[in-house]
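Working notes, structure below.
Protein chains: 2
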Amino acid sequence: MSKRENVTADILKQTIAILKAEGSSGVTMRQVANKTGITLSNLQYYFPDRTKLFQAMCEFFFRQCEKTILSELSTINVNDRASTNGFIKKLLEMLIVDGINDYDHSIFRELWALMLRDKELAETVHRFYRNYANWLVQLISQFTPCPEKVVSLLIPYADGYEIMGADLPLERNAIVEMLSEIISQMTRKK
Amino acid sequence: MSKRENVTADILKQTIAILKAEGSSGVTMRQVANKTGITLSNLQYYFPDRTKLFQAMCEFFFRQCEKTILSELSTINVNDRASTNGFIKKLLEMLIVDGINDYDHSIFRELWALMLRDKELAETVHRFYRNYANWLVQLISQFTPCPEKVVSLLIPYADGYEIMGADLPLERNAIVEMLSEIISQMTRKK
DNA sequence: TGCTTTATAGGTCATTTGACCTATTTTTGT
DNA sequence: ACAAAAATAGGTCAAATGACCTATAAAGCA
Numbered sequence: 001m002s003k004r005e006n007v008t009a010d011i012l013k014q015t016i017a018i019l020k021a022e023g024s025s026g027v028t029m030r031q032v033a034n035k036t037g038i039t040l041s042n043l044q045y046y047f048p049d050r051t052k053l054f055q056a057m058c059e060f061f062f063r064q065c066e067k068t069i070l071s072e073l074s075t076i077n078v079n080d081r082a083s084t085n086g087f088i089k090k091l092l093e094m095l096i097v098d099g100i101n102d103y104d105h106s107i108f109r110e111l112w113a114l115m116l117r118d119k120e121l122a123e124t125v126h127r128f129y130r131n132y133a134n135w136l137v138q139l140i141s142q143f144t145p146c147p148e149k150v151v152s153l154l155i156p157y158a159d160g161y162e163i164m165g166a167d168l169p170l171e172r173n174a175i176v177e178m179l180s181e182i183i184s185q186m187t188r189k190k
Numbered sequence: 001m002s003k004r005e006n007v008t009a010d011i012l013k014q015t016i017a018i019l020k021a022e023g024s025s026g027v028t029m030r031q032v033a034n035k036t037g038i039t040l041s042n043l044q045y046y047f048p049d050r051t052k053l054f055q056a057m058c059e060f061f062f063r064q065c066e067k068t069i070l071s072e073l074s075t076i077n078v079n080d081r082a083s084t085n086g087f088i089k090k091l092l093e094m095l096i097v098d099g100i101n102d103y104d105h106s107i108f109r110e111l112w113a114l115m116l117r118d119k120e121l122a123e124t125v126h127r128f129y130r131n132y133a134n135w136l137v138q139l140i141s142q143f144t145p146c147p148e149k150v151v152s153l154l155i156p157y158a159d160g161y162e163i164m165g166a167d168l169p170l171e172r173n174a175i176v177e178m179l180s181e182i183i184s185q186m187t188r189k190k
């Protein structure tokens, strides 16, 4: 890896850490430089302005996210690829989590707000979601005849559940059970 | 209404408008004062610091939200309270919308981010969701034997759909149809 | 009417911040 | 080894911001 790649990776990691800890208004050029252990001028050499830093951070974050998702899903494939129900159950256990237990979730919340006023950022986020959806459709298509339906149900639900799942009248277990039933019914019927 | 109530209501409306237009970092004491047409000092007389302004805005916003939801739902009750399917379909049409078409949705995104670092704000948001869920359970209980399941499915899904529904493999119509089927199946089976 | 409370106005101050600018120093390629 | 490019450092500046402070003006009330 070149110097440039190393330093920029360091910068972007620290940027994400600050975004998580202090929110978007906490991400100042000076804060990022300090946390990275470089000078402000040096940071500005790599990222001339704040907007470029944010855009780069966003792309870096999603690349990292994709890795995380892939490695998490590889856990499933080993054990439960045999039965459809087993696979779906594992998938649900993975997707339906409280935001408090999800390290990346705070970053998503920040991006959902930031993308409202930054079209380039918005496009990056939407591109991630489209990739994620397509990729999950492919994965699931071995287990159900209607992968698009399952994915269109699960992804939005998982995002919403991270936000306010703790305030629902049903416990997580009951919800996972419910979704599991819904999906197996979909799979049988079609 | 007393002077105080009038002025504070004006202030909070403008605060929300700025939050929507420019995000949380755009909400400065001076901006709010200007938009409201009062001086900075006068604003600080009503809200001594930024934190108090945010907390008050959040509560004001949710009060306003509850009114909106109630008036929207009163639209349904007149026509379609007769058939369960009709009611559910109308409810879905109302809940499953793209965030871009929902005026309040930007504010929610800001609050989801802000509440990560403000416990008081977080409690206010969670209280809103709990109220909303309880209230929707009550409303739906006339139409289904398992209102908790329906609500636990719909609220998180609606929030998630506003965020990334546009990136799903299925069109909105197909999704509304799918959810409608899921709910009527729930209602029949139990 | 006069007195007290409420409301409004103007100003100051230390800090923070992003964007520049101009040296040096280090690395790279020849 | 040396010229060119890449990287790092230090400093400046104007603008914005939250928090205060003090002085009027308006309203409410005795």
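Taken in order, these protein sequences are the chains called A and B.
The UniProt record's numbering puts the first residue of the first sequence at 1, with every later residue one more than the last.
The UniProt record's numbering puts the first residue of the second sequence at 1, with every later residue one more than the last.
Backbone N, C-alpha and C fix where the C-beta goes; we use that ideal spot for every residue, glycine too.
Integer-rounded CB distance, given that ILE96 of chain A should sit under 8 angstroms from ARG172 of chain A: Separation of the CB atoms of ARG172 of chain A and ILE96 of chain A is rounded to 7 angstroms, and the pair is thereby assigned contact status at 8 angstroms.
SER71 of chain A, DSSP secondary structure in three states: Residue state, collapsed to three classes: helix.
Identity of the residue in A:GLY23, A:PRO156, A:ILE69 and A:LEU53 nearest HIS126 of chain A by Cα: By alpha-carbon distance to HIS126 of chain A, the top candidate from A:GLY23, A:PRO156, A:ILE69 and A:LEU53 is A:PRO156.
ARG50 of chain A burial status per 10 Å Cβ neighbour count (16 or more: buried): Classification for ARG50 of chain A: exposed.
Cut-off 6 angstroms between Cβ atoms - residues of its own chain near ILE11 of chain A, not counting five sequence neighbours on either side: Excluding positions up to five away in sequence, the list reads THR36.
Buried versus exposed, by CB contacts within 10 Å (16 or more), GLN14 of chain B: Using a 10 angstroms sphere on the CB of GLN14 of chain B, the tally of other CB atoms reaches 16 or more, which defines it as buried.
Proximal residues, the region 167-189 of chain A versus chain B, C-beta separation under 7 angstroms: Flagged, chain order: ASP167, LEU168, PRO169, LEU170, ILE175, MET178, ILE182 and GLN185.
Neighbour-count burial assignment, ILE163 of chain B, 16 or more Cβ in a 10 Å radius: Buried, because 16 or more other Cβ atoms sit within 10 Å of the Cβ of ILE163 of chain B.
Limits of the unbroken alpha helix (DSSP H) element including GLN185 of chain B: Here the alpha helix (DSSP H) through GLN185 of chain B covers 172-189.
Nearest neighbour of ILE140 of chain B, chosen from B:ASN101, B:THR124 and B:GLY86 [CA to CA]: Of the candidates B:ASN101, B:THR124 and B:GLY86, the one whose C-alpha sits nearest the C-alpha of ILE140 of chain B is B:GLY86.
Local conformation of THR15 of chain B per DSSP, three classes: Here THR15 of chain B sits in helix by DSSP.
CB of LEU153 of chain B within 8 angstroms of CB of MET178 of chain A, strictly: Yes, the Cβ-Cβ distance between LEU153 of chain B and MET178 of chain A is below 8 angstroms.
Range covered by the alpha helix (DSSP H) that runs through PHE47 of chain A: DSSP places PHE47 of chain A outside any alpha helix (DSSP H), giving it a letter other than H or E.
Classification of SER41 of chain B by the beta-carbon crowding that lies within 10 angstroms, buried from 16 upward: Flag for SER41 of chain B reads exposed.
Closer than 8 angstroms to chain B by CB, ASP102 of chain A: No, ASP102 of chain A does not count as interfacial toward chain B.
Cβ-based burial, ARG4 of chain B [other Cβ within 10 Å; buried from 16]: Classification for ARG4 of chain B: exposed.
Burial state of ILE100 of chain B, where buried means 16 or more other Cβ atoms lie within 10 Å: Exposed, because fewer than 16 other Cβ atoms sit within 10 Å of the Cβ of ILE100 of chain B.
Test item: CB-CB of LEU136 of chain B and VAL151 of chain B under 8 angstroms: The answer is yes: Cβ separation under 8 angstroms.
Rounded C-alpha distance that separates THR68 of chain A from PRO48 of chain B: About 44 angstroms.
Members of the UniProt domain "HTH tetR-type" (5-65) of chain A near chain B, C-beta cut-off 8 angstroms: Cβ proximity to chain B below 8 angstroms picks out GLU22, GLY23, SER24 and SER25 from the UniProt domain "HTH tetR-type" (5-65) of chain A.
Neighbourhood of ARG117 of chain A by C-beta, 6 angstroms cutoff - its chain only, sequence neighbours within 5 removed: Here the set comprises nothing.
With 16 other Cβ atoms within 10 Å as the buried cut-off, status of ARG188 of chain A: Around the beta carbon of ARG188 of chain A, fewer than 16 other beta carbons sit within 10 angstroms, so the residue counts as exposed.
Contact with chain A by PRO156 of chain B, beta-carbon distance below 8 angstroms: So yes, PRO156 of chain B belongs to the interface.
Option in A:THR124, A:ALA158, A:GLU148 and A:ALA174 with minimal Cα separation from PHE61 of chain A: Of the listed residues, the one whose Cα sits closest to PHE61 of chain A is A:THR124.
Rounded distance between the beta-carbons of ALA113 of chain A and GLU17 of chain B, thought under 8 angstroms: The residue asked about is misnamed: residue 17 of chain B is Ala in this sequence, not Glu. By a beta-carbon distance limit of 8 angstroms, ALA17 of chain B does not contact ALA113 of chain A. Their separation comes to about 16 angstroms.
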